[in-house]
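Asks: For reference, the structure I am asking about is given below.
Number of protein chains: 2
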Amino acid sequence: MQTRQVDIAIIGAGTAGMTAYRAAREYTDSILVIEAGVYGTTCARVGCMPSKLLIAAAETSHLIDSAGIFGIDVADKRIDGRRVMERVKTERDRFVGFVERAIENWPQGHKLRGKAVFTDPHTLEVDGHTRIQAGRIIIAAGSRPAVPPPWLELGDRLLVNDDVFGWETLPRSIAVVGTGVIGMELGQALARLGVKTHLLGIGSRFGPITDPVINGEAQDFLSGELDLHGDASVERVERTESGVALSFVEAGGSGCLEVDYLLAATGRRSNLGALNLEAAGVALDATGNPIFSLDSGQIGNSHIFIAGDVSNAHPLLHEAADDGRIAGDNAGRYPDIRVRPRRTPLSVVFTDPQIMLAGKTHAQLLQDKVDFAIGESSFEDQGRSRVIGRNRGRIRVYGDQHSGQFLGAEMVGPAAEHIGHLLSWSVQHGLTVQQMLDSPFYHPVIEEGVRTALRRLSRELRMGPAPMENCLDCGPGA
Amino acid sequence: MQTRQVDIAIIGAGTAGMTAYRAAREYTDSILVIEAGVYGTTCARVGCMPSKLLIAAAETSHLIDSAGIFGIDVADKRIDGRRVMERVKTERDRFVGFVERAIENWPQGHKLRGKAVFTDPHTLEVDGHTRIQAGRIIIAAGSRPAVPPPWLELGDRLLVNDDVFGWETLPRSIAVVGTGVIGMELGQALARLGVKTHLLGIGSRFGPITDPVINGEAQDFLSGELDLHGDASVERVERTESGVALSFVEAGGSGCLEVDYLLAATGRRSNLGALNLEAAGVALDATGNPIFSLDSGQIGNSHIFIAGDVSNAHPLLHEAADDGRIAGDNAGRYPDIRVRPRRTPLSVVFTDPQIMLAGKTHAQLLQDKVDFAIGESSFEDQGRSRVIGRNRGRIRVYGDQHSGQFLGAEMVGPAAEHIGHLLSWSVQHGLTVQQMLDSPFYHPVIEEGVRTALRRLSRELRMGPAPMENCLDCGPGA
């Protein structure tokens, strides 16, 4: 077995591993990135990018179906599943290509292929062929779809999101199990592309939403478009001649489905388990996860860092990239660790209408016993949303009763990906509700619906709106 | 002639007049709003709302035409001009109805119909039937389309934007003269709705754009969709049997057009001239416009205030509403005038791609001799824009060389209405470029294209990016 000594070893060449590499290289050239799978990130290969490509086709199809309200008639719409998937894959490959080329440009000596496992706190063994002794180690090993083991007997009729993006064409029918981000996004997109789609979840909880009012909005729009069973327990799945038979139990009774495929969108699992972390000598919590700081990436006080989906902290690309930058920088400067500011939380689900959470969630505010008020507004009669025929959804905004500060929001509605930026930036920069109301709102825009919610929030705040002397947006009837 | 004495008279019941009324009523019930035309605002009747409704239909038609790239085939698209216009008018009438009902709810004694003219600084005469003696007067008389007088001979073949929204159906062809906001929005929308459209401008200047690079982007996308003559001088217009003949001269030579209609989008003119302002005894500038403060609405030190489009200051609904609130409040508290903060400037043009200006414009920065740097980014290869097939346009962001503060931006590109809010709020709250880069950017979103421009701006700033200790978004290759 070959032995190599490096300053820094990075396990995983995904988003977190890549940003960690770039940050660490500022400190040393003695560095090695170990990748167990293929190059290309989860985001580019099977996550953000291909899902958004599929959704773009689905939204186009949906817009064509609703063209009639604008006075435009379409006699014959045909979804060419082969071409839909061709674009998804071609564009996906282009995004993956960018990642591959970035890694190609790394010095050959900085890369190693194979599965790394800890043998002691400073030593990794890779596929039995290489022993690596590293001053610091960054764990950025990513995650994989989690599938209930009994379903594996379905063979090629059991899919995870990765498989969808390998399709030659679209199937006729599918049961999507899981109402998290992936289940909702893919379920709605497939339904809009003409695939007979059943979506099953547990507890009628949708994606990252925590506000019960907003959760209800998500349930409403999904159930209008596909066969939704929001709180169903899957009892049995079976391979049939033509596909899959699935039976489930829900409050109203029980049901069974015959579909071409079952798509398991039942969450993702950290790849931590495969690293023999016990040999690393770091502190683990009751569930076997390492105890680490989100602000430094450091596990305990050790020379080992963790970044990206592998940590289970926040499976979002932009957070993984920050994780990597922070961990890579701290691995470089170790033992002189620096704590980094984190960005204000922002989550987006690219359904239609979109879902967005910015800042503190409703659940966090309750859990932290914050004294907060809520402002709410529907998009149903919101001017701009109605003009473009996208007047669905609702927003709830949260403000601090003592300081008047804006705390966060949850939303189902049009352009939520953009509203999410406006609102998370407002939280990050410590704006009060009144400062937001004094900011520009164009006309006619969807942001005016947000303003309505903020005005209602402002009236709910016990401190009351600022006197007219100090603000522009607090006249009567404003 | 009847004589009435009131504390406050407001000339005009449009957007500015209505907000002025609401603010002034906080101080007095002795108030009268005089409207010369029909109730309902410029915005709702002939401006923002109906134009956005027409654009919504046009964008739908355009999306159908580009469905092929997503793998969706549409055999037969038919634009039913009658139904297109029906939706525009029905929804427009709904918006107008909200305005009308708001005014219906005002006490009858607060309203008067007719044309008001000054007879002395405290007296207005309305259509010769009523003399009003007012303690304070707010001028919110609005504006009207300006048309070159020789064109009037075209009779019903000469249109202004108001007329478009009265159409029963769509014409076959049109010449739109003027490349301001109205000309661009209506010109592109009509072209996309199958109307053979010619768009003629002067000096190849497009809407409010001042940055020459962004102006070039606007020229590019418009010339790809319709017959654009960006710098043409209209020589002669003539009524023909079937419509209008128009001849023009431009750099390349001369041309002539035969069209059903000529739409004059040649700017708007203040209604100030009809008020006999000379009798009001206020200071006028060289062009006959009153000298007033944007921050108080007050003309000189007088008891007369001005608000909305009539002032020529900024013909935008949200500014008119603020004008009215400020003028109404100050008329109420006169002579104790309060200066109000104004919102950061924001302009949006609802073409596709959209156009946006936030904060200081390129021209203002040059004029004010600000020491600023520019960051630029194209949307052509921007991930999210490409995914949704809207990868056109460019953004330029401006930052202060001394403070690192973000100053403003001009943009042609996707979702500019939303980016405009994010960036104008950033200016309003005094963010530095680095603070913006440290804010959340989701993935994949159009805002990442803005981040690219901000990163480039950050590198151009002589003060340089903040050291890694203070920021998240300044790693190598970030």
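Chains A and B supply the protein sequences, listed in that same order.
Per my numbering, the very first residue in the first sequence carries number 1; after that it's consecutive.
Per my numbering, the very first residue in the second sequence carries number 1001; after that it's consecutive.
Ideal Cβ placement from N, Cα and C applies to all residues, glycine included.
#1: What are the boundary residues of the beta strand (DSSP E) that residue 1110 of chain B is part of?
#2: Taking 9 angstroms as the threshold (C-beta atoms), are residue 1140 of chain B and residue 1020 of chain B in contact?
#3: Going along the chain, which residues of its own chain have a beta-carbon closer than 6 angstroms to the beta-carbon of residue 1354 of chain B, five neighbours each way excluded?
#4: Do three or more CB pairs link the segment 57 to 70 of chain A to the segment 1065 to 1073 of chain B at distances below 8 angstroms?
#5: Quick check on residue 1143 of chain B: does DSSP put it in helix, strand or coil?
#6: Are the beta-carbon atoms belonging to residue 231 of chain A and residue 203 of chain A less than 9 angstroms from one another?
#7: Shorter than 9 angstroms from the beta carbon of residue 52 of chain A to some beta carbon of chain B?
#8: List the whole-angstrom C-beta distance separating residue 1195 of chain B from residue 1182 of chain B, where the pair is believed to meet the contact cut-off of C-beta under 8 angstroms.
#9: May I ask which residues mark the beginning and end of the alpha helix (DSSP H) holding residue 190 of chain A?
#10: Give the straight-line distance between the Cα atoms of residue 17 of chain A and residue 113 of chain A, rounded to the nearest whole angstrom.
#11: What does DSSP give as the partner residue(s) for residue 964 of chain B in the beta ladder?
#12: Does the beta-carbon distance from residue 1462 of chain B to residue 1401 of chain B come in below 9 angstroms?
#13: Could you please give the first and the last residue of the uninterrupted alpha helix (DSSP H) stretch that includes residue 55 of chain A?
#14: Rounded to the nearest angstrom, what separates residue 157 of chain A and residue 168 of chain A at their Cα positions?
#15: What residues from chain B crowd round residue 83 of chain A, counting only those whose CB sits closer than 7 angstroms?
#16: Compare the C-beta of residue 1056 of chain B against all C-beta atoms of chain A and say whether one is closer than 9 angstroms.
#17: What residues of chain B sit near residue 91 of chain A, judged by a beta carbon separation below 9 angstroms?
#18: Would you list, in sequence order, the uninterrupted beta strand (DSSP E) runs of no fewer than 3 residues that lie entirely inside the segment 383 to 418 of chain A?
#19: Just to confirm my understanding: we take residue 222 of chain A, look at its own chain, exclude 5 residues before and 5 after, and list those with CB closer than 6 angstroms. What are they?
#20: Would you mind listing the alpha helix (DSSP H) stretches within the segment 205 to 236 of chain A that are 4+ residues and don't spill past its ends, in chain order?
#21: Buried or exposed: which applies to residue 14 of chain A, given that a residue is buried once 16 or more other Cβ atoms fall within 10 Å of its Cβ?
#22: State the beta-bridge partners of residue 5 of chain A as determined by DSSP.
#23: Anything in chain B within Cβ reach of residue 441 of chain A, meaning under 9 angstroms, just list it in chain order.
#24: In its own chain, which residues sit with a C-beta less than 6 angstroms from the C-beta of residue 1383 of chain B, not counting the 5 before and 5 after it?
#25: For residue 1375 of chain B, which of helix, strand or coil comes out of DSSP?
#26: Let me confirm a value: residue 38 of chain A is counted as buried when at least 16 other C-beta atoms fall within 10 Å, else exposed. Which label applies?
#27: Quick one: Cα of residue 1124 of chain B to Cα of residue 1327 of chain B, how far?
#28: May I ask which residues mark the beginning and end of the beta strand (DSSP E) holding residue 21 of chain A?
#29: What does the alpha-carbon distance come out to for the pair residue 381 of chain A and residue 413 of chain A?
#30: Which residues in the same chain have their Cβ closer than 6 angstroms to the Cβ of residue 24 of chain A, if we skip the five residues on either side of it in sequence?
#31: Nearest-angstrom Cα distance between residue 99 of chain A and residue 275 of chain A?
#32: Among B:1270, B:1349, B:1132, whose alpha-carbon lies nearest the alpha-carbon of residue 1118 of chain B?
#33: Leaving out the 5 sequence neighbours to the left and right, which residues in its chain are closer than 6 angstroms to residue 500 of chain A when beta-carbon positions are compared?
#34: Cutting at 6 angstroms between CB atoms, please list the residues of its own chain near residue 1478 of chain B, excluding the five before and the five after it.
#35: Within this structure, are the beta carbons of residue 1410 of chain B and residue 1366 of chain B separated by less than 9 angstroms?
#36: Among B:1459, B:1458, B:1399, B:1390, whose alpha-carbon lies nearest the alpha-carbon of residue 1066 of chain B?
Replies: Here's the rundown:
#1: Here residue 1110 of chain B belongs to no beta strand (DSSP E), and DSSP marks it neither H nor E.
#2: yes
#3: 1416, 1417
#4: Yes, since at least three Cβ pairs between the segment 57 to 70 of chain A and the segment 1065 to 1073 of chain B fall closer than 8 angstroms, the two stretches touch.
#5: strand
#6: yes
#7: Yes - at least one Cβ of chain B is within 9 angstroms of the one on residue 52 of chain A.
#8: No, residue 1195 of chain B and residue 1182 of chain B are not in contact; Cβ-Cβ is about 16 angstroms, not under 8 angstroms.
#9: 181 to 192
#10: 14 angstroms
#11: In the structure displayed, chain B extends from 1001 to 1478; residue 964 of chain B sits before or after that span and is not available.
#12: yes
#13: 48 to 65
#14: 15 angstroms
#15: 1071
#16: Cβ-Cβ to chain A under 9 angstroms: yes for residue 1056 of chain B.
#17: Residues of chain B passing the Cβ test: 1386, 1387.
#18: 394 to 400, 406 to 413
#19: 228
#20: 212 to 223
#21: buried
#22: Beta-bridge annotation (DSSP): residue 5 of chain A is paired with A:133.
#23: 1318, 1343, 1346, 1421
#24: 1444
#25: strand
#26: Exposed, since its Cβ has fewer than 16 Cβ neighbours within 10 Å.
#27: 18 angstroms
#28: From DSSP, residue 21 of chain A is part of no beta strand (DSSP E) but of the alpha helix (DSSP H) over 15 to 24.
#29: If you draw a straight line from the Cα of residue 381 of chain A to the Cα of residue 413 of chain A, it is about 12 angstroms long.
#30: 8, 31, 328, 331, 332
#31: C-alpha separation (whole angstroms): 24 angstroms.
#32: B:1132
#33: What is shown of chain A runs 1 to 478, which leaves residue 500 of chain A out entirely.
#34: Unreliable placement is indicated for residue 1478 of chain B, whose pLDDT of 39 sits below 50; the coordinate value is still reported in the next sentence. For residue 1478 of chain B, where only same-chain residues beyond five positions count, there are no Cβ hits under 6 angstroms.
#35: no
#36: Ranking B:1459, B:1458, B:1399, B:1390 by Cα distance to residue 1066 of chain B puts B:1390 first.
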